[in-house]
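In this note's numbering, the protein residues as written are 8 to 294. All residues carry an ideal CB built from backbone N, CA and C; glycine is no exception. Predicted model only: the values in this text are computed from it and were never measured.
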Ligand code: SF4
């Protein structure tokens, strides 16, 4: 059953008490009374990694520079839109770079895994080029109005599955469409397949957000800043198709059933193991 959503704080100034019994199960298993897209996505990448992070709460031995860098760019772009939401003057490049650098502060520099051709200085220079490209791109201007930046969203999507909780990077609306935006960094321009394959999180968020502006069309949008020598800013906008939401919900339900049943196993792959922060714990795992 698809249920109504609770959106905070756009729709409701105060968080009502949860009535979803699955939230209690989630709390018992993970200490959190909800499930996030990041948790679902981690489980789908590697169920054992999910267990280490969300059930066992193990700290990671290392963090990839790509993750820290992406968080920094994300923080900077959000600051740009936050100023529009608050009616403040737009931050300049230096202010955005300050926000970008803040993402590195919580991490022990020795625990950051850099790629073979990267250094902190080369990534800082890349960030400056990417944010310059962003500021001069049409994507830096909002069509319509900003409704929220890093907006908390939470709601029950499927009976028997905990509430989905997340933060929408950017929520905007114009005369006839509500737009749910996810900010991404990419190695290069995104193909149509990549947009399609990455769309599930936004589909679910847009489903939860649909109560904000009843009657309006809902669109999902990826704002992609490429990490290329000459950075490009791309926008990929899609109207939400109900059939795709249904398929994504079915996948979320299967993931939750597996978590509830403690179906945890390693899923080694060159892509995910190289940057995994649980390599020692994984080697020590014996079932
Ligand atoms: S090292 Fe690979 S298989 Fe092991 S937990 Fe990490 S991602 Fe999973």
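Quick one, which of the options has its alpha-carbon nearest residue i's?
i	options	result
residue 189	57, 198, 208, 180	208
residue 284	162, 120, 40	120
residue 116	70, 133, 132	70
For residue i and residue j, what's the separation of their Cα atoms in angstroms?
i	j	result
residue 50	residue 58	8 Å
residue 289	residue 89	40 Å
residue 107	residue 78	8 Å
residue 39	residue 271	19 Å
residue 238	residue 83	16 Å
residue 32	residue 168	9 Å
residue 225	residue 294	44 Å
residue 54	residue 111	28 Å
Nearer than 8 Å: is that true of the beta carbon of residue i relative to any heavy atom of the ligand SF4?
i	result
residue 66	no
residue 274	yes
residue 279	yes
residue 51	no
residue 110	no
residue 285	yes
residue 140	no
residue 97	no
residue 288	yes
For residue i, is the classification buried or exposed, using 16 other Cβ atoms within 10 angstroms of its Cβ as the cut-off for buried?
i	result
residue 191	buried
residue 170	buried
residue 155	buried
residue 216	buried
residue 179	buried
residue 128	exposed
residue 162	buried
With a threshold of 9 Å between beta-carbons, can residue i be considered close to chain B, or not?
i	result
residue 91	In the structure shown, chain B cannot be found, because there is only a single protein chain.
Next item on the list: Inspect the CB distances between the stretch 197–208 and the stretch 238–250 and report whether three or more fall short of 8 Å.
Entry: The stretch 197–208, when compared against the stretch 238–250, does touch it at the 8 Å Cβ threshold.
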